[in-house]
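Each protein sequence line maps, in turn, to chains A and B. Per our numbering: the first sequence = residues 90 to 841. Per our numbering: the second sequence = residues 90 to 841. Backbone N, C-alpha and C fix where the C-beta goes; we use that ideal spot for every residue, glycine too. Notes follow the structure.
Protein chains: 2
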Amino acid sequence: MKIKFNLVMFLFLIVNGCTNSTAVKTSEPEIDLVSTFDVSLDMENQKNLESQFDSVLDPQNLDKWMKHMSSKPHHVGSPWSKQNAEYIAKHLKSWGFETEITTFDVLVPFPKIMNLELIEPNKVTLKLNEPALKEDATSSIKKDLLPGYNAFSSDGNVTAELVFVNYGIPGDYEELARLGIDVKGKIVLAKYGGSWRGIKPKVAHENGAIGCIIFSDPKDDGYVRGDVYPKGPYRMEHGIQRGSVLDMPMYPGDPLTPGYGATKDAKRLAIEDAPTIMKIPVMPISYADALPLLKALEGPVAPDNWKGGLPVTYHVGPGPAKVNLHLEFEWKLRTAYNPVGRIKGSVYPNEWIMRGNHHDGWAQGAADPISGMVSLMEEARAIGELLKTGWKPKRTLIYAGWDAEEPALLGSTEWVEHNRDEIREKMVAYINTDGTGVGFLGVGGSHSLEKFVNEVSAEVLDPVQNISLQERNRARLRVNGNKDAERKDLRIYPLGAGSDYTAFIHHAGVPSLNLGFGGESGGGSYHSIFDSYDHYKRFSDGDYKYGTTLAKVNGRLVLRLSESDILPFRFTNMVDNIATFIESNKKLAEDVTKKTDERNNLLDLKAFTIAGNPKKTYLPPQRLDEVPSFDFSSLDAAFVRLNASAWNYEKALSKLQKGSLSAAKKSEINNILKNVDQAMVSDGGLPRRDWFKNMIYAPGFYTGYGVKTLPGIREGLEQRNWNEVDTYIQEVAKALDRAAAKINMASNILSR
Amino acid sequence: MKIKFNLVMFLFLIVNGCTNSTAVKTSEPEIDLVSTFDVSLDMENQKNLESQFDSVLDPQNLDKWMKHMSSKPHHVGSPWSKQNAEYIAKHLKSWGFETEITTFDVLVPFPKIMNLELIEPNKVTLKLNEPALKEDATSSIKKDLLPGYNAFSSDGNVTAELVFVNYGIPGDYEELARLGIDVKGKIVLAKYGGSWRGIKPKVAHENGAIGCIIFSDPKDDGYVRGDVYPKGPYRMEHGIQRGSVLDMPMYPGDPLTPGYGATKDAKRLAIEDAPTIMKIPVMPISYADALPLLKALEGPVAPDNWKGGLPVTYHVGPGPAKVNLHLEFEWKLRTAYNPVGRIKGSVYPNEWIMRGNHHDGWAQGAADPISGMVSLMEEARAIGELLKTGWKPKRTLIYAGWDAEEPALLGSTEWVEHNRDEIREKMVAYINTDGTGVGFLGVGGSHSLEKFVNEVSAEVLDPVQNISLQERNRARLRVNGNKDAERKDLRIYPLGAGSDYTAFIHHAGVPSLNLGFGGESGGGSYHSIFDSYDHYKRFSDGDYKYGTTLAKVNGRLVLRLSESDILPFRFTNMVDNIATFIESNKKLAEDVTKKTDERNNLLDLKAFTIAGNPKKTYLPPQRLDEVPSFDFSSLDAAFVRLNASAWNYEKALSKLQKGSLSAAKKSEINNILKNVDQAMVSDGGLPRRDWFKNMIYAPGFYTGYGVKTLPGIREGLEQRNWNEVDTYIQEVAKALDRAAAKINMASNILSR
């Protein structure tokens, strides 16, 4: 699934509005933080180990494997997906991993009938498919290829007038209301972008629409960005973005087995009872096919920030453009194949370090996901080489290739759900990768690992510029005037959804990371048939320098997690980030109040009416209910306690003499440390979606990929559910207190 | 020439960066400001007079006159321009004005040869003209029509590679330098917008380009904005924006007679010595003709904010697109006809109130300028009706129709230059109009008249909404969250250039105003053959409700200026505005310093290099010279004195008993009041352009229309001429002191 990390970060900054927020002052006196490993790792040995690891990495392997694995369409249920799973398993096995292929039987619809036609004011039959290009060897493959479709659209045969709804997110419907336009009984035409795609039909349905068409606009994803394929990397006129529209912000994974594994014999919901399946037909189209639809629309001219890059005046409608949209799917269980290889830990076999990357793609899927998969494989192979020298990891290493990520994060989610108790007991950390490219290292994840990640990114060199990955990122932050550019550890972004870490961090509460390179790959092959080996070679990491560097980064993360006497969780970074989350939520509460007062005041003054253009319908916005004042004091107090616990742990750590801890104490401490993040999950979960249990992060209910920090509070404010705000201020406070208690326990053992 | 007032205001806010500046606190205790007229006008009589004035206004006259005057092309030198001048004169005469047509002989080039061809990589002959449309009656007229050209382009026949330079303003060349691209020996292709058009060839020439092509991009002026003509009002694909490129920010008016009238026998510069004539050939084209040029460009993809609305990937070049541009002009003196009508003042014949609007257009010019001209004519007619009742104005009223505004503000500038001494002695105020449309009253001008204008706009009702013009503007400010929405008097914007007020305010220092309606007209007929009666009727003020309302506003301004015992200049508003100008200049000094330090620091850290994409040329920006600290204390001190004088005048005024002033005293005071604004001009003028003598406002040397407040200081900062900043801090301080001295003189007489 994979979206570019800079987009993720951007969404995060936008959604959480905290680009300029000032952190709650962490009031403890600064003490010199010791390196994560000063007290817990023999760094000389470790560096030797890592040098050996680096020395065997070979970009040619990535090339060879990518060429093979992306040579045919390999979505879940396809022969080539199964082949790839077996290919991965075979390799893992050959490198010394105990390997099995775990399977789940998951619902994935494939299209049977896909028709879309403009029937009024003129009849236009659309192309609806992507052409073979002589410059792209796999673009001519038709066998086993899924056409451009949205998985988990409903079946349907609907005919109605079109309404152009911009990105189709809630704010766009407020604008439509002001334009006097209602989508009830209409089919909406939405641009890709502005949110995860599944939000568009969900909100369209909530507003009464009976169908949804999503197109890639050239302004966001096409010739406006740069030269299109095959001249350049950007989306060509007939490129279609496939993708899932399952309501994953409610719960990802198999819609029929919520919260438990989709094993052969699992009890399943009836399809019609599955709440996450879209209620209306949804279909993606290219911008070449969107053009005649947009041309046929009349009604008001679209607001300026709705306009795209096609050479027409964008109108909103409704009509006179009328379309028939007819979709039927084959609703069948498909077998997802997750190859999983293990190396049992020699000292702490019950402490698991897990790596994962999905292997299924929408079509040939070279960038997404094979680029990340082959990096993971090379990393596993290098660990295999270390095994050959007689070395053994102290902790258990698990390497997985997930199937069926694209339709609904199915492979990973079912695996987590099925093994949840054991995961919560044993897993120390989950490290995810997905498609990766060229440029800057992007890291998202649990902030208890922020310091740890920075220690690695400060050591690994950028393969092109002769400088550490961290310093290259820092240079970019400096050029962009980011206030955090001089922060010793660069911030990692909080995780929303969008790849296989989702079930680990949001459902099980396991500390997770997500890593990849990007920012200089450009491109618009995402989820089209042009996400091919040829495209990747020409426009992305064609020499696999960055893919190999990613293996170096992840290899270090895995090896240090595995070998540390004391697990490298560090909490002062975590509290500093949580402080910014609290501040930005308080700021949001202020903004919501201010905006409410301002709008209602303008309505009292009839300012919208007086300033309105009498020749154009643009109604005043709705009056807003008053915002109560919120009492953040319990959260502030809990934060103070958490902050103290984090700094006390640092103090205890700094006083520790190397080698002074008994094995039993180490074990005791590690058992606590790995549960600090888990302590911040709450079984009750979030409102209307209790699958999401993490109180600190969640994907937005109305943004999809985009993360919401302290989501119970934030979405209460955004959705104006004031009592939820109060409830979740308490819930987050409790979560922080649970974490503080764990950290204090660890400190006490250290100081004993 | 006329640009929409909201654009002017926007440019002002951008250029002067003062949207959020906080004013210097005007430290005087608030006193209740009396109405401008409480002590100086018999308001009952005046209201009767104004009611009579209003009662005769008839929209049908505007319709009839517009239809006649815009029925043929009427640029300076055309038969229809002369006819229109005589038509205006005839009417003024018939309404009781002593009327003459004053003439000047001014240089205006007409095109002889206009060729533009793409010659590489493929040959494309461009259309270069606008089609006749059946929906537009005058669009088929070819007789006397000037084609799409830029007046005061040089002659030239050049062949070179193209470089796309965005808007072609100085910042764009900094970006080109970072892209490693030089325009030396190239022909630049620039979008209209971002500055006045004449800036583009001027800056291109400064950077070594040998030709300049300017096109209307559909993103700024075409289908992206709305439906194009004839379906809607916006610029259709072949519409061409004509216009002058004379270097008017140096000096407007006849390039051969700088600073004096272009009379028959005037001494003239040789054409080759005229510094304001462009040094390279320049030509405007439509977006249909720009498309093949843009398609043929390669090189780097244009930066995001350079991209327009055509369906191509915008590349910068240079080449492979190569063009031949061949332009030759007939350089001839043409006679400009300024009809000028006077009604001699019955009490103060040597105090002049002047109204003006140009009558020449680029083609049929219905909106620009006839819409404003016919409003002025109806206003003059209504005054003629008042004369019939036996009423006579106390002061002399002068109504003018300016010729040759479009090529260089020629008619008005030569008239001002020729009559400068008498104008400076006698003129109380100049009130300008130009093209006008539908929507909101826009007012720019001298801030000594701000309170006066507000008193009028608070009384005249919007013709559609049943509310005063002032309250309608206030509602819009409220909706836009403008911090000045609740200011008692709404701000008027400071004047740059762009219409016939230029010579009055910037050269002679006469208090000036510029008024018009806009904001709801939409449209893209500007300077094309589609600025027609048919277009105006369908899409703008087709029922002339706003044109008639404009006559009400200007009629009141003229009648109150004429009848007041004490002229309605009020200075507390003026100082409040000057305070914001000072603050925004100080802020600019801070910003320049900060930006300099930040950039040089990033260069020291090599951040640009480290963060740069190794596959793309994007050089670090140049190191900036250090910014000295500036001493604003003399200006602050002068401001304190000016502020005190303004409030003392208010106090003196508030204590005045009605009817207590002798005629001699009134005369003495008025003589002083009308010179306060003039006191702020300085004979030395601005650096490198001493024609511009106003120390408070000027059009930007590198923005054209866009105003610069305290221009000597501001442009010193922007151009990094630090010694100019110091010099003009002193010059402005002296100007404020001269004004304060005048105001104090007036207060002393009042209190005597």
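Residues of chain B with a CB under 7 Å from the CB of A696 (chain A): which are they? A564, R567, V568
Verify the CB distance criterion: does G315 (chain B) have a CB-CB separation below 7 Å to chain A? yes
Near L414 (chain B), which residues of its chain fall below 8 Å by C-beta distance, leaving aside the five closest residues on each side in sequence? Apart from sequence neighbours up to five positions away, the residues of its chain that approach L414 (chain B) with a beta-carbon distance below 8 Å are N204, L205, G245, N246, V247, T248, I276, G300, I302, P370, M372, ordered along the chain.
Helix, strand or coil at M337 (chain A) according to DSSP, with G and I counted as helix: coil
Taking 7 Å as the CB-CB limit, is N39 (chain A) close to chain B? Limits of chain A in this structure are 90 at one end and 841 at the other, which puts residue 39 (chain A) out of reach.
Which residues share a DSSP beta bridge with R827 (chain B)? Paired residue(s): none; R827 (chain B) is not in a bridge.
Under 8 Å by beta carbon: chain B residues contacting P319 (chain A): Within chain B, no residue comes near P319 (chain A); the closest Cβ sits about 14 Å away, beyond 8 Å.
Classify I329 (chain B) as helix, strand or coil using the three-state DSSP reduction. I329 (chain B): coil per DSSP, three-state reduction.
Just mark G274 (chain B) as buried or exposed, buried being the case when its beta carbon has 16 or more other beta carbons within 10 Å. exposed
Quick one, which residues of the segment 396 to 412 of chain B are near chain A if we go by CB-CB under 9 Å, in chain order? K396, G398, L399, P400, V401, T402, Y403, H404
Count the other C-beta atoms from every protein chain shown that fall within 10 angstroms of the C-beta of N569 (chain A), then say buried if there are 16 or more, exposed otherwise. Classified as exposed, N569 (chain A) has fewer than 16 neighbouring CB atoms from the shown chains inside 10 Å of its CB.
Quick check: is the beta carbon of P703 (chain A) nearer than 7 Å to any beta carbon in chain B? Cβ-Cβ to chain B under 7 Å: yes for P703 (chain A).
Counting only Cβ-Cβ distances shorter than 7 Å, please list the residues of the segment 621 to 641 of chain A near chain B, keeping chain order. none
Of the residues B:N662, B:Y323, B:E672, B:V334, the one placed nearest I366 (chain B), counting alpha carbons only: B:V334
Could you tell me whether the Cβ atoms of L806 (chain B) and A727 (chain B) are closer together than 7 Å? no
Going by alpha carbons, who is nearest to N134 (chain A) out of A:E548, A:P776, A:R324, A:E652? Each of A:E548, A:P776, A:R324, A:E652 was checked against the Cα of N134 (chain A), and the nearest Cα belongs to A:E652.
Name the DSSP beta bridge partners of F253 (chain A), please? A:L278
When you compare only the Cα positions, how much space is there between E360 (chain B) and H448 (chain B)? First, the residue type needs correcting, since residue 360 (chain B) is Ile and not Glu in the sequence shown. So the two alpha carbons sit approximately 26 Å from each other.
State the DSSP-derived secondary structure class of D225 (chain B), mapped to helix, strand or coil. coil
Evaluate V613 (chain A) with the Cβ neighbour count: other Cβ atoms within 10 Å of its Cβ, from every protein chain shown; 16 or more gives buried, anything less gives exposed. One point to set straight first is that residue 613 (chain A) is Gly, not Val, in the sequence displayed. Flag for G613 (chain A) reads buried.
Where the segment 662 to 692 of chain B meets chain A: residues whose CB sits under 9 Å from a CB there: E687, N690, L691
Assuming L138 (chain A) is part of the alpha helix (DSSP H), what are its boundary residues? From DSSP, the alpha helix (DSSP H) with L138 (chain A) extends over 132 to 145.
Contacts around S110 (chain B), its chain only, beta-carbon distance under 8 Å, and the 5 residues preceding and following it disregarded: Residue confidence is low: S110 (chain B) scores 34 on pLDDT, short of 50, so the model does not pin down where it sits. No coordinate-derived value is stated.
In chain B, what lies closer than 7 Å to Q711 (chain A) by C-beta? None at all; the shortest Cβ gap to chain B is about 15 Å.
Starting from R484 (chain A) and walking both ways along the beta strand (DSSP E), at which residues does that stretch end? 484 to 491
So, at 7 Å on beta carbons, what are the nonlocal neighbours of K353 (chain A) in its own chain, with the 5 sequence-adjacent residues on each side left out? D194
Is there contact between the segment 543 to 558 of chain B and the segment 756 to 764 of chain B, where contact requires at least three CB pairs shorter than 8 Å? Result no; under three Cβ-Cβ pairs closer than 8 Å.
Residues of chain B with a CB under 7 Å from the CB of I556 (chain A): which are they? By Cβ distance, chain B contributes I699.
Does V549 (chain B) come within less than 7 Å of chain A when only Cβ atoms are used? no
Express the C-alpha separation of A266 (chain B) and A640 (chain B) in angstroms, rounding to a whole number. 50 Å
Min CB distance V647 (chain B) to chain A below 7 Å: no
Comparing C-alpha positions only, which one of A:N690, A:S617, A:G445 sits nearest to L602 (chain A)? A:G445
In whole angstroms, give me the CA-to-CA distance for A221 (chain A) and D316 (chain B). 36 Å
On the DSSP bridge assignment, give the partners of F529 (chain B) in chain order. B:G607
Using a C-beta to C-beta distance shorter than 8 Å, which residues of chain B count as neighbours of Y312 (chain A)? Within 8 Å Cβ-Cβ: P400, V401, T402.
Cα separation between A741 (chain A) and L750 (chain A)? Answer to the nearest angstrom: the Cα atoms are 12 Å apart.
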